[in-house]
Structures are given as structure tokens and as C-alpha cells.
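Heads up: the structure comes next, in C-alpha cells.
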Amino acid sequence: MVRAEVHHDIGGFDEAYFLHFEDLDYCRRTRDAGWGVDFLPTAPTFHYQGGSVGISRTIMAKHKQASLRRYLRKFSRSTPIVLNLQMFILLIFERLGLLMFRIGQRMESETDGVTSGIAQFRRLICGDQPVVLIMGGRSEIGVPLCGRLNAVGIAVVSVSRCERQAVVFPGTSVVHPELFKRNVGANRLNIIGIVSLCPIWELHAYEQSFAALGCDRIPWIVFSSTSVLTRESEISSDPTGTVAQLKSGEEWLIARRRLSESRTLLVRPTVIYGGKYNNNINLIKQIGKYSRLSPQLNFALGSRCPVHADDLAEWIVALLQIYTGDRNAGMTTVEVQGGEVLTFKEMVSRTSRSSGLTIRAMSLSRNIFRVALGLVGRIPFLAKMPPKLIERLEHDFVFDNRAAQAQAPTSMRFFHP
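If you're matching positions, the sequence shown starts at 622 in my numbering and goes up one per residue.
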């Protein structure tokens, strides 16, 4: 906590520091300006609704060393000759430190990393440690959810077909779906909660495994989609399509959990953004990045309320902490959305501009957009456009969020792609 006049007096943070030492610099300049600095070691700090760029530990070490050099140069009282000599000696120690760091990292990855990973996997599979089972852990919600659960001390078993592509977390073990289908007798997982982020219609394939692991006695949080409401009319014309499968998946869940001994929450989210695998938002970003054009869909005035993947992860963690200690049963269905209602036109515009480049607006009328969709639909390798897409862009798809917030109140951010 800093008084505003102190911050303005010293000129704020030194933005030239890329990683670390900016806090030491800040406190030192505060003292030099005549203000006091108090250190309270018992005060907890945490990042709220943020994220960092994933970089290697070696690159991180280099950034730390660069910040250290800047800090020492900035506050050194030595003569230029002595300072240059000190910097030369520091550079030698930096190179030696990086060399030892890389050697140690290589040895750790070859020995301790494998050993600890096997030991952790054995503890989880044998039931020695309670876990949350995430179906579809490599999804846009699954990645931040694994990190958040591990951060509060909850181990995770993440089920994914792409084990090698999954993000590595210290308290998460990634397993292939076949482990549950073919090794029912060998699994002794001590599951305290299930979060399903995979397509809901795939859950029935694991019914035997769920029964063997006693999953009727633990809470389930299962994600579907608001498309089951907004596109319900498509079921009759396309009985094997995505919407029909969503409907059948929900019906299976209701029948399966009807007599369960714990809570079941069926979640229907609106548009999700912020994840690596979100094709819709990321596609608009790529169009803006490479073409330097922002499509202005003047007719697309239907309201949306997109929700960030990390906000959903935070909400799920809060739900699990409530549900795991709750002995109540029953099933609840909720729709969940973000913290800001905006038109689809504005949503596309913000997404295009998020590339940070100079973007030129390109106005598209309803008819021109219809022609463009027709041309895109003829490209074989592109996904099929949903029917009545233009009409959907003109309609409002905003839902009542109060039931979801009543389960676990969480602050949802405004739309910043």
C-alpha cells in the first residue's frame, strides 16, 4: 500500500526493469525522498485475474541478472572505473551461474523430475491422496483450473487424449481416457469431486468407471452450453448434430445423477474467451493481426456477455470448496456469463484491435457478409458455418446470471480479449 503523493513524488515505478528489482528500486527511491518504508512479512499477496507469459527458467534467470545489473549501476557510488570493474566481475559470475543452472536443470529433469512424477502418479492412482478428476483438462478452462486447484493445495487427475500437449503443473497428473475404460479394476483414485469440461455427450462412455470409483457419492460440476437453448430448433433438422448431442448428454446426466448422494451442477456458459484453444475469438484476432483489417458488422447488434476462462476456473474452485464439505444432494442447472454486456459488433471490434497493431475498419453490410459466408462455406477444409448465423448475430443471447452467482459469488471481468 502506497500513498498517492508518495507515488507521484518519486515518479512511480521504473519501467526499464523487466523482471524483479523494481520493488527494491521503488523502496530505495522512497527512502531517498524522505519517506518511510515498513515491511509487513505476514501480509499475503496474490495475483488476481492476471497471467504471465510462459518463458523458460533459463530466460527468466537472464532477465533477473539484467535487472540486477541495472539496479547496481543505478545506485552505485563507485567511480566509473571501479564500477566497470565490478560489472565485469559480476558478468563472470553471471556466466558461471547460468552454466551451473543449466547443468543442474538437466540433471534434475533426467532424475528427480522422472522420479517425483512417478511417485506422485503412484500416490494418486493408489488413492493415497484425494484428487479432483477433470474430464477434458486440456481445454481452455481446464488449463487455468489445474493451476488454481494446485495453488490451493488440491491435487488433480486430468483426463486428456493429448497427454504430451498438456500444460505441466506440479500437482497435476495427466492420464489418457483409456486408463478409465480398460483399467477399471486397477484404478483406486480417491476422488473428492468431478469437473467435466469435455463434450457432455462423451461422459456416458465412462459410466462403468464412475460407478466402480464410487462417484455417486461425490459432487459433479458438468459443463454443457447455452447453445442447447439458443439453437434448440436445429435438433429436428439435424438429429445427429452438436445441439442434439448436447441435449442427449444433458438427459443422460439427469438420469445418471437423479439418485446421487451429492450435488450436481449443470453449467451452461455463454461465449468463452481467454483460452489457447478458443477458435472463435482467436480467429478474429488472427484476421486483425495479419490483414490489419477489423470487420465492422454494422448489422450484428445482438447482445452478448462473454466470460473469461480464468474467471470460470476461479468460480469452479470456489464451488468445489463449498460442495466437498456439503452433504446436500440434488441437481441444479445454471447459465453463467461474464461481467459486461456488449453487442457482437463491438465484441468483434475489440477483438480485432487487441493485436496491438494499427487496424483499419472495414464496414460490412448484411448482404456483403452473407456473400462472404457463402464463399467461405465452399472451402473444403474449413468448419461448416452454423445455419442462420446472420440471424443469430442480430439476436440477443444474454442470460440470468443470478443462479450461478448464488452457488459461489465471483467477480467476472469486463470483455478484454
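Idealized CB from N, CA, C, for every residue including glycine. Model, not experiment: these values are computed from the prediction.
- Residue ranges of uninterrupted alpha helix (DSSP H) with 4 or more members, entirely inside the region 763-837 and ordered along the chain, are 763-772, 799-803, 828-833.
- Secondary structure note for methionine 983: its beta strand (DSSP E) is the uninterrupted segment 981-985.
- With respect to the 8 Å criterion, valine 789 and valine 752 are not classified as neighbours on the basis of their beta carbons.
- The alpha-carbon separation between arginine 884 and glycine 814 amounts to approximately 10 Å.
- Proximity to phenylalanine 1036 across Val992, Glu967, Pro820 peaks at Glu967, based on C-alpha coordinates.
- Scanning Leu941, Asp947, Leu996 for the CA closest to the CA of leucine 766 turns up Leu941.
- In the DSSP assignment, arginine 925 forms a beta bridge with Leu963.
- Inclusion of glycine 896 and glutamate 761 in the CB contact set at 8 Å is warranted, their separation being smaller than that value.
- Here serine 845 really is in contact with valine 888; their C-beta atoms are around 7 Å apart, less than 8 Å.
- Between the alpha carbons of serine 854 and alanine 682 lies a gap of roughly 56 Å.
- In the three-state reduction of the DSSP assignment, tryptophan 656 falls in the coil class, being assigned neither a helical nor a strand state.
- Distances from the CA of phenylalanine 1018 to each of Arg974, Met708, Arg1034, Gln958 were compared; the closest alpha carbon is that of Gln958.
- The C-alpha of glutamine 686 is placed about 10 Å away from the C-alpha of leucine 719.
- Annotation for tyrosine 692: Phe642, Leu645, Asp646 place their beta carbon closer than 7 Å to its own, counting only its chain and skipping 5 residues before and after.
- Note: glutamate 956 is bridge-paired with Arg889 in the DSSP secondary-structure output.
- Valine 1019 sits in coil when the DSSP states are folded into three classes, being neither helix nor strand.
- Per DSSP, the beta bridge partners of tryptophan 841 are Ile815, Thr885.
- Your pair arginine 878 and methionine 952 checks out as a contact, with CB atoms roughly 6 Å apart and the cut at 8 Å.
- Residue range 751-756 is occupied by the beta strand (DSSP E) that includes valine 752.
- The beta-carbon distance between isoleucine 905 and threonine 972, rounded to whole angstroms, is 4 Å. This is short enough to meet the 8 Å contact definition.
- Boundaries of the beta strand (DSSP E) around leucine 918: 914-918.
- Taking C-beta atoms as the reference points, arginine 1034 and glycine 960 count as a pair closer than 8 Å.
- Around the beta carbon of threonine 861, fewer than 16 other beta carbons lie within 10 angstroms, which makes this residue exposed.
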